[in-house]
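>
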Amino acid sequence: MSRFLTTPQGRSIAYNQTEGAGVGVVFLGGFMSDMEGSKALYLEDWARREGRPFLRFDYSGHGESSGAFEEGCIGDWAQDAQAVIEALTHGPQVLIGSSMGGWISLLMTKRLGARVGGLVTIAAAPDFTEDGFWAGFTAEQRAELARTGRVLVPSDYDAPYPITKRLIEDGRNQLVLRTPLTLDLPVLMLQGTADTSVSVQTAMRLFEHASGADIRLLLVKGADHRFSSVRELGQISFSAERVLERLE
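All letters in the sequence shown, in the order written, are residues 1 to 248 by UniProt numbering.
#1: With residue 17 as the anchor, note down where its beta strand (DSSP E) starts and where it stops.
#2: Which one of 184, 15, 238, 154 has the shortest CA to CA distance from residue 197?
#3: Rounded to whole angstroms, how far is the Cβ of residue 205 from the Cβ of residue 181, which I believe are closer than 8 Å?
#4: Any idea what DSSP makes of residue 93, helix, strand or coil?
#5: By a C-beta neighbour count over all protein chains shown, 10 Å radius and 16 as the cutoff for buried, is residue 173 buried or exposed?
#6: How would you label residue 63, buried or exposed, when you count the other beta carbons within 10 angstroms and need 16 or more for buried?
#7: Does the count of Cβ pairs from the segment 31-40 and the segment 106-113 closer than 8 Å reach three?
#8: Along the chain, where does the beta strand (DSSP E) containing residue 187 start, and where does it finish?
#9: Check whether the Cβ atoms of residue 17 and residue 123 sit closer than 8 Å, and answer yes or no.
#10: Check whether the segment 158-175 touches the segment 66-80, counting contact only when three or more Cβ pairs, one atom from each stretch, lie closer than 8 Å.
#11: Go to residue 84, then tell me how far its alpha helix (DSSP H) extends in each direction, as first and last residue.
#12: From this set, 187, 247, 133, which residue's C-alpha is nearest residue 218's C-alpha?
#13: Using beta-carbon positions only, say whether residue 11 and residue 60 come within less than 8 Å of one another.
#14: My output table needs one value for residue 243: the three-state DSSP class, helix, strand or coil.
#15: Between the C-alpha atoms of residue 162 and residue 248, what's the straight-line distance to the nearest angstrom?
#16: Which of the three DSSP states is assigned to residue 135 in this structure?
#17: Which full runs of the beta strand (DSSP E) of 3+ residues lie inside the segment 146-190, going along the chain?
#18: Thinking C-alpha only, which one of 89, 67, 98 is nearest residue 33?
#19: Nearest CA to the CA of residue 209: which residue from 179, 199, 184, 229?
#20: If you check the beta carbons only, do residue 175 and residue 127 fall under 8 Å apart?
#21: Quick one: what's residue 57 bridged to in DSSP?
#22: Per DSSP, what are the beta-bridge partners of residue 198 in this structure?
#23: How big is the Cα-Cα spacing for residue 29 and residue 167?
#24: Using CA coordinates, which residue listed in 31, 1, 118, 189 is at the minimum distance from residue 129?
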């Protein structure tokens, strides 16, 4: 049964939390995903076996949380992540960010300081509203966005993505690849070579842009964007263990 936290902005955020000892782990999901996905549930089981604190949650407009997806934007979802981390966890946390969650985890390093002790990113998608959606829009799509405030974009999943003017405009205030990105903490970036949503080139751009003494990029041959096979899930928990070892 999910519990709910009301953020300073008045949004109701659904979450599930497992108690434990030591440095905690927080999972940040992707765009239009929820906390019932295979990666979140696998990591919860892993953390429970390890006796380690674990937190998963739904951004506003996702899963069980309040709000409509189309009303949200990166800035809102980063506020949601910051609120649950600040209110529900204690001490440094290892953030595991998947796709958009990777971008939000990078924003958390800027906003939460030492509360972020380490990062594991899975197909991190920093700046995707600008470099993915906006850069890929045709002149007709940009005109439709300006005229109606939204445009539907095909996805690799069941339904198209509704991309709003607010999502694009707010995204420009959250970009992390245009200014210095200092990560003075253990970071392990995972990227599948068969990912058609986030390219290896994007992973390399982030890896080369970020500065820090303990940043690693691991390419997983044949892994796609879902990163949810038994082998790939094991790679995520293995990576979390390596980051936790360097912290503890």
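Each residue gets a CB set at the ideal place from its N, CA and C atoms; glycine is no exception.
Looking at the coordinates:
#1: Unbroken beta strand (DSSP E) run through residue 17: 12-18.
#2: Restricting attention to 184, 15, 238, 154, the CA atom closest to the CA of residue 197 is found in 154.
#3: Not confirmed; about 11 Å, so no contact.
#4: Residue 93 falls in the strand class under three-state DSSP.
#5: Residue 173 should be labelled exposed.
#6: The residue in question, residue 63, is buried, as its Cβ has 16 or more Cβ neighbours within 10 Å.
#7: Between the segment 31-40 and the segment 106-113, the count of C-beta pairs closer than 8 Å stays below three; the two stretches do not touch.
#8: It spans 187-192 - the beta strand (DSSP E) in which residue 187 sits, taken as one unbroken run.
#9: The Cβ-Cβ distance between residue 17 and residue 123 does not fall below 8 Å.
#10: Look at the beta carbons and you see the segment 158-175 touching the segment 66-80: at least three pairs across the two are nearer than 8 Å.
#11: Looking at the DSSP string, the run of the alpha helix (DSSP H) that includes residue 84 is 74-88.
#12: Selected option, being the one with the closest Cα: 187.
#13: Yes, the Cβ-Cβ distance between residue 11 and residue 60 is below 8 Å.
#14: Residue 243 falls in the helix class under three-state DSSP.
#15: Using only the alpha carbons, I get a separation of about 42 Å.
#16: Residue 135 falls in the helix class under three-state DSSP.
#17: Counting only runs of at least 3 residues, the segment 146-190 fully encloses the following beta strand (DSSP E) elements, listed from N- to C-terminal order: 150-153, 161-164.
#18: In terms of Cα proximity to residue 33, the closest of 89, 67, 98 is 98.
#19: Minimum Cα distance to residue 209 is reached at 179.
#20: Judged by their CB atoms, residue 175 and residue 127 are nearer to each other than the 8 Å cut-off.
#21: Answer is 15, bridged to residue 57.
#22: The partner list for residue 198 (beta bridge, DSSP) is empty, contrary to what the question assumes.
#23: The C-alpha of residue 167 is placed about 17 Å away from the C-alpha of residue 29.
#24: Comparing Cα positions, the closest option is 31.
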